[in-house]
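Here the sequence shown stands for residues 9 to 551, where the numbers follow our numbering. Note that the Cβ used here is the ideal one computed from N, Cα and C, for glycine as well. As the structure is a prediction and not an experimental result, all values here were calculated from the model. First up is the structure itself, then whatever we jot down about it.
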Amino acid sequence: MEHKNIGAEDLCDDQQKWVLDSSLDSRGRVPLRARTGAWKAALFIIAIEFSERLSYFGISTNLVVYLTTILHQDLKMAIKNANYWSGVTALMPLLGGFVADSYLGRYATVLVATTIYLMGLVLLTMSCFIPGLKPCQGEVCVEPRKSHEIAFFIAIYLISIGTGGHKPSLESFGADQFDGDHVEERKMKMSYFNWWNVCLCAGIFTAVTVVVYIEDRVFVAAIAKRNLPYPSDPSLLHEVTKAEFRKGRLLCHTKHLKFLDKAAIIEDDQSLALKKQSSWRLVTLTRVEEAKLIINVIPIWLSTLAFGICATQTSTFFIKQSVLMDRHINKSFTIPPASMFSLTALSLIISIILYEKLIVPLLRRVTGNQRGISILQRIGTGMIFSLITMVIAALVEKQRLDRTENNKPMSVIWLAPQFIIIGIGDAFTLVGLQEYFYDQVPDSMRSLGIAFYLSVLGAASFLNNLLITIVDTIADDFSVKSWFGKNLNTSRLDRFYWLLAGVTAANICVFVIVAKRCPDKTVQRSQASTDLTETEAASMSVA
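Set out below in structure tokens:
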């Protein structure tokens, strides 16, 4: 919908039928509300953003690798070319925004930008499949063809131009699909921005995990050799030379996701140097194991989101509850609502110190594990504390509502247990997640590993909003009172806490199953053939 001035005086009495916010449909007419805009159009726009972020980050995160390995540029030149492309891509939205606002409008700008973007992706694909545009004729590639270089750079800069039209126009164009003067659509617009960011992050997440590893060719090589038999001994799988062995850490073979091992099978005894064989056909065992690591951490990440939802309550509903409670310590001092969060911080600090100085030494003697308990057991223990927090929060809130009805104020001290216990849970789960995502990703992706950890609470915040929206929608559908009123005294927050407790309990069961099936990352010592387990081989069950 494009916004333009129209005369709609004779339609002002029918807000439900027509969109009267000065919008026009593609034929220049006043839009019929039931047939245009709202989620019908917005979901399609969100899908475009997901696809664009998926493709963009799939390219950008692997650009330097491609320039050095396929185009054989030296590192300095590859970094310069990558920076040039990133700089142009970052500046193009200035031109795109100017064109959208001054000449074409958002709809036409998005349409043109999408076309240009697709042209770039098609040309990029053709440069790898059309014989005349392929980087090399055979599997040995000393120097790529000039035609491939030209096609490649034209393609990625077409993508830059397309991004310039997308970034300033697409999100606001999607928001334009909701009429701000219509009560229901105004609520939808609030949800739109949540879903926009969820899909944006999902696109980036998929790009830097799934797409990047497809581009690094483990999966392609495994599929290409799917009919080959497994070697009788994993030592027969392809690995780097001894010289390369000393430069970095090699991963040990695991039986998990065995299908991917086929990517490291050496097909024949050709005289062709192994290091010059196409990475689409042969990869090292370490690269195979790195791909397995990324696949392993994804279900762990997903199964910790329920804990994140519980943790987000401390800075939202928990604080709001304290506003409505008696915060007087004596006649001269009143506790500020936000200060209640200090209990969580203090309990986290104290819990970590006690865990480090008292619990870990004790558990070492009991379990024989250098960590006391495994990282995943630590994460699961924190989840149990989050479940206890939600149960206590539900009971306290119900008591608060009952006293409010009888005009009996309840002391804010009653909220202390839930703030303290969630802090204990944070000491186990959040700290455990930091360590897990640092240790269990490939060494070259440890920054991404920390990003995995940081994204837990961010993604959980979006899921929390989604859960609230679902509860409200169900209440509307069944014509019952919503759990979320205009204020907490007219809400049933205790029921929401019980829902979170149920979700957390179910999630703990899922986490236990996932953790038991998740193997540890193991590396080889550079001077010996023995294996070094980075995370102790302890039971993955949550005791």
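**Q.** Minimum C-alpha distance to residue 500 - residue among 479, 138, 472
**A.** Out of 479, 138, 472, 479 has the C-alpha closest to the C-alpha of residue 500.
Q: Pick helix, strand or coil for residue 58, following the three-state DSSP scheme.
A: Helix, per DSSP.
Q | Paired residues, beta bridge with residue 414 - DSSP | A | DSSP output for residue 414 lists no bridge partner at all.
Q | Under 7 Å between C-beta atoms of residue 509 and residue 398 | A | Contact flag set, yes.
**Q.** Beta carbon of residue 143 nearer than 7 Å to that of residue 78
**A.** Less than 7 Å separates the beta-carbon of residue 143 from that of residue 78.
Q: Look at the Cβ atom of residue 347, then the Cβ atom of residue 423, and state whether they are nearer than 7 Å.
A: Taking C-beta atoms as the reference points, residue 347 and residue 423 fail to come closer than 7 Å.
**Q.** Helix, strand or coil at residue 255 according to DSSP, with G and I counted as helix
**A.** Summary for residue 255: the model assigns pLDDT 47, below 50, so the residue's position carries little reliability; its value from the coordinates is reported in the next sentence. In this structure, residue 255 counts as coil in the three-state DSSP scheme.
Q. Counting Cβ pairs, one atom from each stretch, are 3 or more of them under 8 Å apart for the stretch 516-526 and the stretch 311-325?
A. When C-beta atoms of the stretch 516-526 are compared with those of the stretch 311-325, three or more pairs fall below 8 Å, so the two segments count as touching.
**Q.** Whole-angstrom distance between residue 417 and residue 380, CA atom to CA atom
**A.** For residue 380 and residue 417, the distance between alpha carbons rounds to 45 Å.
(Q) Could you compute how far the alpha carbon of residue 472 sits from the alpha carbon of residue 61? (A) Their Cα atoms are separated by approximately 23 Å.
Q.
For a quick check, are the C-beta atoms of residue 429 and residue 460 less than 7 Å apart?
A. No, these two residues do not count as a Cβ contact at 7 Å.
**Q.** Expected contact under 8 Å - CB spacing of residue 352 and residue 431 to nearest Å
**A.** Confirmed, Cβ separation roughly 4 Å.
Q) How would you write the range of the alpha helix (DSSP H) that residue 337 sits in, first residue to last? A) Run containing residue 337: none in the alpha helix (DSSP H); it sits in the beta strand (DSSP E), 336-338.
(Q) Would residue 265 and residue 450 be called neighbours here (beta carbons separated by less than 7 Å)? (A) Judged by their CB atoms, residue 265 and residue 450 are not nearer to each other than the 7 Å cut-off.
Q: Specify, as a first and last residue, the run of the alpha helix (DSSP H) that residue 515 falls within.
A: Counting along the chain, residue 515 sits inside the alpha helix (DSSP H) bounded by residues 501-524.
Q | Bridge partner(s) assigned by DSSP for residue 341 | A | Paired residue(s): 338.
Q. What is the DSSP secondary structure of residue 2, reduced to helix, strand or coil?
A. Because the chain here runs from 9 to 551, residue 2 falls outside it and cannot be looked at.
**Q.** Nearest-angstrom Cα separation, counted from residue 115 out to residue 319
**A.** Spanning the alpha carbons of residue 319 and residue 115 requires a straight line of approximately 40 Å.
(Q) Among 152, 105, 180, 97, whose alpha-carbon lies nearest the alpha-carbon of residue 50? (A) Looking at the Cα atoms, 180 is the closest of the given residues.
Q) Going by Cα to Cα distance, which pick from 410, 375, 56 is closest to residue 126? A) Scanning 410, 375, 56 for the CA closest to the CA of residue 126 turns up 56.
Q: Would you mind stating whether residue 173 and residue 97 have Cβ atoms separated by less than 7 Å?
A: The Cβ atoms of residue 173 and residue 97 lie no closer than 7 Å to each other.
Q) residue 283: buried (16+ other C-beta within 10 angstroms of its C-beta) or exposed? A) Note that residue 283 scores a pLDDT of 48, beneath 50, so its modelled location is shaky and nothing firm can be said.
(Q) So, with DSSP's three-state summary, where would you put residue 156? (A) Residue 156 falls in the helix class under three-state DSSP.
Q: Could you round the C-beta distance between residue 504 and residue 491 to whole angstroms and report it? I think they count as a contact, below 8 Å.
A: Taking C-beta atoms under 8 Å as the contact rule, residue 504 and residue 491 qualify, at a distance of about 5 Å.
Q) Could you give the distance in angstroms between the alpha-carbon of residue 512 and the alpha-carbon of residue 350? A) The straight-line gap from Cα to Cα measures roughly 24 Å.
Q. Anyone know if the C-beta pair for residue 506 and residue 402 falls short of 7 Å?
A. By the CB criterion at 7 Å, residue 506 and residue 402 fall inside the cutoff.
Q) How is residue 491 classed by DSSP in three states: helix, strand or coil? A) In the structure shown, residue 491 sits in coil (DSSP, three-state: anything other than H, G, I, E or B).
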